[in-house]
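Engineer: So for the sequence shown, my numbering puts the first residue at 3; every next one is plus one. Cβ coordinates follow ideal geometry from the N, Cα and C atoms, glycine included. Before I ask anything, let me first share the structure, which is written out below as structure tokens.
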Amino acid sequence: MTEIAENLEHVRAEIAEAAKKSGRSLDDIELVAISKTHEAEKVRAAFDAGQQLFGESRIQEARAKIPLLPSALRWHFVGRLQKNKIRHALPLFELFHSVDSLALARDMNRIADEEGLHPRVLLEVNVAGEGSKIGFSPDVLRAEMEALLELPRLTIEGLMTIPPLAAEAEASRRYFVALRELRDQFAAQFQMALPQLSMGMSGDFAVAIEEGATLVRVGTAIFGKRTPVRLRAENLE
Ligand SMILES: *Cc1c(COP(=O)(O)O)cnc(C)c1O
């Protein structure tokens, strides 16, 4: 068994344990294997070990990697989407986790209209309220939700968050709870399901599942450490 297959087995076992612990069905939790910075060969090893859903965070990298892999793979985008990359990105990904402003949502809506596409999206929320972090603050999202829901080309399926870096998984719990509660408020206010909660990474996905995550985004625990971004050639282009 390859190391990646073993890692995947461990992650899946931990997901199953967290689901059981919180009385949730495994059918409601999907593992997104975050393959950013890892070469296609490693992605293929994960695919051969039964993983079909992958996440990327840079359009340039995804455009190079995706064509090298079987078409049975499914791709989610989890990074920061620049306006000039939207047209390339829309046909590549089945779900965009990280729509972080009304301006971006409007640009995606307009370009999707031109291209005849209907992107599925999540709204990224900065629940911790840190100044430097990307994402909607809860207050801004409350103010802009109605405008977001009016964009006819976008299907808003839920919320996503990245909590502040912490040594302990438990430190993330309150942010996961806050995201779920915000989702519940919107679902009630706008009479819609908003079923997806994208939360939890290598260090804290078990806690996220206990708090209702439907999509966990796990990179390092599957593929190992990433090369620091500043050393990568694509960054020098
Ligand atoms: C890189 C990344 C992940 C995966 O992080 P790990 O700690 O390696 O599991 C998850 N979500 C987003 C948005 C990322 O950019």
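CB of R14 to nearest heavy atom of ligand 1: below 7 Å?
Structural biologist: On the sequence shown, position 12 is the one that residue 14 refers to. Within the chosen limit of 7 Å, ligand 1 does not reach the beta carbon of R14 with any heavy atom.
Engineer: Apart from the five residues on each side of it in sequence, which residues of its chain come closer than 7 Å, Cβ to Cβ, to I6?
Structural biologist: Position 4 of the sequence shown, counting from 1, holds the residue named residue 6. Here the set comprises K44, A47, A48, A51, I224 and F225.
Engineer: Nearest by alpha-carbon distance to A18: which of T222, I211, G221 and R219 is it?
Structural biologist: Residue numbering aside, residue 18 sits at position 16 when the sequence shown is read from its first letter. Of T222, I211, G221 and R219, the residue nearest in Cα terms is I211.
Engineer: What is the DSSP secondary structure of S100, counted as helix, strand or coil?
Structural biologist: Residue 100 sits at position 98 when you count from the first residue of the sequence shown. Here S100 sits in strand by DSSP.
Engineer: Can the beta-carbon of L70 be found closer than 8 Å to that of H99?
Structural biologist: Taking the sequence shown and counting its residues from 1, the one referred to as residue 70 is at position 68. Taking the sequence shown and counting its residues from 1, the one referred to as residue 99 is at position 97. Their beta carbons are not under 8 Å apart, which means L70 does not touch H99 by this criterion.
Engineer: Return the first residue and the last residue of the beta strand (DSSP E) that Q198 is part of.
Structural biologist: Translated into the one-based positions of the sequence shown, residue 198 becomes position 196. Where Q198 is concerned, the enclosing beta strand (DSSP E) stretches over Q198 to S200.
Engineer: For T157, write down the residues that DSSP places opposite it in a beta bridge.
Structural biologist: Indexing the sequence shown from 1 puts residue 157 at position 155. In DSSP, T157 forms a bridge with R122.
Engineer: Check whether the Cβ atoms of Q198 and G160 lie closer than 8 Å to each other.
Structural biologist: In the sequence shown, the residue the question calls residue 198 occupies position 196. In the sequence shown, the residue the question calls residue 160 occupies position 158. Against a cut-off of 8 Å, the Cβ pair of G160 and Q198 comes out as a contact.
Engineer: Residue range of the alpha helix (DSSP H) that P82 falls in?
Structural biologist: The count along the sequence shown starts at 1 and reaches residue 82 at position 80. Reading the sequence as shown, one finds Arg at residue 82 and not Pro. Neither: R82 is in no alpha helix (DSSP H) and is coded neither H nor E.
Engineer: For a quick check, are the C-beta atoms of V209 and R175 less than 8 Å apart?
Structural biologist: As a first step, residue 209 is located in the sequence shown; it is residue number 207 there, counting from the start. As a first step, residue 175 is located in the sequence shown; it is residue number 173 there, counting from the start. It is a contact, given that the beta carbons lie within the stated cut-off.
Engineer: Relative to the alpha-carbon of R82, which residue among P93, R76, E58 and L75 has its alpha-carbon at the smallest distance?
Structural biologist: Your numbering for residue 82 matches position 80 in the sequence shown. It is E58.
Engineer: Rounded to the nearest angstrom, what separates E32 and V142 at their Cα positions?
Structural biologist: Locating residue 32 in the sequence shown gives position 30, counting from the first residue. Locating residue 142 in the sequence shown gives position 140, counting from the first residue. Their backbone Cα atoms lie some 28 Å apart in a straight line.
Engineer: With C-beta atoms as the reference, is L2 less than 8 Å away from P121?
Structural biologist: Outside the shown range of the chain (3 to 239) lies residue 2, about which nothing can therefore be said.
Engineer: Report all residues from its chain with a CB closer than 7 Å to the CB of A130; omit the five preceding and five following residues, and keep chain order.
Structural biologist: Here residue 130 is taken as the residue at index 128 of the sequence shown, counted from 1. Around A130: P165, P166 and Y177.
Engineer: Keeping to the same chain, check which residues put their C-beta closer than 7 Å to that of H90; ignore five residues upstream and five downstream.
Structural biologist: Locating residue 90 in the sequence shown gives position 88, where the first residue counts as 1. So the list reads I61 and R65, once near-sequence residues are dropped.
Engineer: Would you call the CB atoms of T222 and S204 closer than 8 Å?
Structural biologist: Taking the first residue of the sequence shown as 1, we reach residue 222 at position 220. Taking the first residue of the sequence shown as 1, we reach residue 204 at position 202. Going by C-beta atoms, T222 is nearer than 8 Å to S204.
Engineer: Any heavy atom of ligand 1 closer than 7 Å to the beta-carbon of S103?
Structural biologist: As a first step, residue 103 must be located in the sequence shown, where it is residue number 101. Relative to ligand 1, even the nearest heavy atom lies 7 Å or more away from the CB of S103.
Engineer: Would a C-beta distance cut-off of 8 Å place I88 and D109 closer than the cut-off?
Structural biologist: Reading the sequence shown from its first residue, position 86 is the one you call residue 88. Reading the sequence shown from its first residue, position 107 is the one you call residue 109. In contact: I88 and D109 (Cβ atoms closer than 8 Å).
Engineer: Which residues mark the beginning and the end of the beta strand (DSSP E) in which F95 is found?
Structural biologist: Counted from its first residue, the sequence shown places residue 95 at position 93. No beta strand (DSSP E) holds F95; DSSP gives it neither H nor E.
Engineer: How far does the alpha helix (DSSP H) with A208 in it extend, from its first residue to its last?
Structural biologist: On the sequence shown, position 206 is the one that residue 208 refers to. Looking at the DSSP string, the run of the alpha helix (DSSP H) that includes A208 is F207 to E212.
Engineer: Kindly indicate which three-state DSSP category I6 falls into: helix, strand or coil?
Structural biologist: On the sequence shown, residue 6 is found 4 positions in, with the first residue counted as 1. Per DSSP, reduced to three states, the secondary structure at I6 is helical.
Engineer: Would you call L28 buried or exposed, if buried means 16 or more other Cβ atoms sit within 10 Å of its Cβ?
Structural biologist: Residue 28 sits at position 26 when you count from the first residue of the sequence shown. Looking at its Cβ environment, which holds fewer than 16 other Cβ atoms inside 10 Å, L28 is exposed.
Engineer: Going by the C-beta, is P223 closer than 7 Å to any heavy atom of ligand 1?
Structural biologist: Counting from one through the sequence shown, the residue named residue 223 turns up at place 221. Residue identity differs from the one stated: residue 223 is Ala in this sequence, not Pro. Indeed, a heavy atom of ligand 1 lies less than 7 Å from the Cβ.
Engineer: What do you reckon, are the CB atoms on R219 and G202 nearer than 8 Å?
Structural biologist: For the purposes of this step, residue 219 is identified with residue 217 of the sequence shown, where counting begins at 1. For the purposes of this step, residue 202 is identified with residue 200 of the sequence shown, where counting begins at 1. Yes. Within cutoff.
Engineer: Residue range of the alpha helix (DSSP H) that I88 falls in?
Structural biologist: Along the sequence shown, read from residue 1 onward, the residue named residue 88 stands at position 86. Note, I88: alpha helix (DSSP H), I88 to A91.
Engineer: Taking Cβ positions, are L94 and W77 nearer each other than 8 Å?
Structural biologist: Within the sequence shown, residue 94 is the residue found at index 92, counting from 1. Within the sequence shown, residue 77 is the residue found at index 75, counting from 1. Taking 8 Å as the Cβ cut-off, L94 and W77 qualify as a contacting pair.
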